[in-house]
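Written out below as structure tokens is the structure these notes cover.
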Amino acid sequence: MASFAAIQNEGFTVISNSLLRYYPSLKISEIEAMLLLQLESFKQANNFFPSDNDLSGRMNLSPVEVSQLIQDLIDKKLLELGQKRDREGRITNFYDLKPLYQKLDTIIDERDTNAYDQVYSGEGTKKRESVNPLQELVRQFEIEFGRLLSPIEKQEIAAWLNIDHYNPEIVKLALREAILAQVYNFKYVDRILLNWQRHGLTTTDQIKNFLQRN
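Written as structure tokens, this is what we have:
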């Protein structure tokens with residue numbers, strides 16, 4: 001029996017939970033999902049273009065079957081075959097998993113938006129705004145931070161709305177305070193929101209008065 005040390009020597013692969021959780025929404029089979037996991041594993045080992053034989057050796061598939069599955073994933077726009085130049089100027093091929101993670105990002109966005117819609121429509125006393133508050137906040141954070149948000153950051157905004165039940169306008173005020181302090185990260189915004197919560201500030205007017213006094 002192999003020792004744990006021997007298993008450790010094989011190394012570990014970091015896998016996105018979003019792939020494990022949402023691959024059925026990608027309309028792919030378990031075999032295709034496993035192939036994507038194998039490609040990620042090779043990528044993390046700095047092998048960006050494993051051969052069909054390399055992949056076949058890790059799966060119960062022939063090289064021909066692997067080749068067909070890769071083509072299927074390319075056709076489904078979850079995988080791309082890219083090219084780049086190495087240090088010697090030679091053109092090399094690589095498998096690009098970016099389309100996969102972009103699709104997962106979209107799935108997470110749709111899930112979080114639907115979750116907010118359910119909470120918002122359930123209140124019954126408010127009319128739904130033409131712009132979804134979650135999407136509006138995501139856009140505002142991206143504009144202020146000067147970059148696209150990660151899926152985890154988008155989930156954090158959704159949690160502020162759905163779990164902590166912060167008013168979107170209060171989140172905007174916290175973002176503004178972070179920008180004024182030139183601190184461009186979510187932990188700082190979260191600390192601002194928690195500080196206001198500790199002071200019992202629940203409306204934008206209360207917060208504005210608080211900021212004027214401090």
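Sequential numbering of the sequence shown, starting at 1, is according to the UniProt record's numbering. The beta carbon of each residue, even a glycine, is placed where N, CA and C say it ideally should be.
Query                                                                                                                                                    : Result
Would you give the residue range spanned by the beta strand (DSSP E) that PHE94 belongs to?                                                              : 91-96
Hey, which unbroken runs of the alpha helix (DSSP H) at 4 residues or more fall wholly within the UniProt domain "DnaD N-terminal" (15-111)?             : 17-22, 30-44, 52-56 and 63-75
Specify the secondary structure class of GLU10 as computed by DSSP and reduced to three states.                                                          : coil
Considering only residues of the same chain and omitting the five flanking positions on each side of TYR22, which have a CB-CB separation below 7 Å?     : LEU104 and ILE107
Residue range of the alpha helix (DSSP H) that ARG213 falls in?                                                                                          : 204-213
Measuring straight from C-alpha to C-alpha, what distance separates TRP196 and ALA181?                                                                   : 16 Å
Can you name, in chain order, every residue of its own chain whose Cβ lies under 7 Å from the Cβ of LEU161, other than the five neighbours on each side? : TYR116, PRO133, LEU134 and PRO168
So is GLU32 buried or exposed if we call it buried at 16+ other beta carbons inside 10 Å?                                                                : buried
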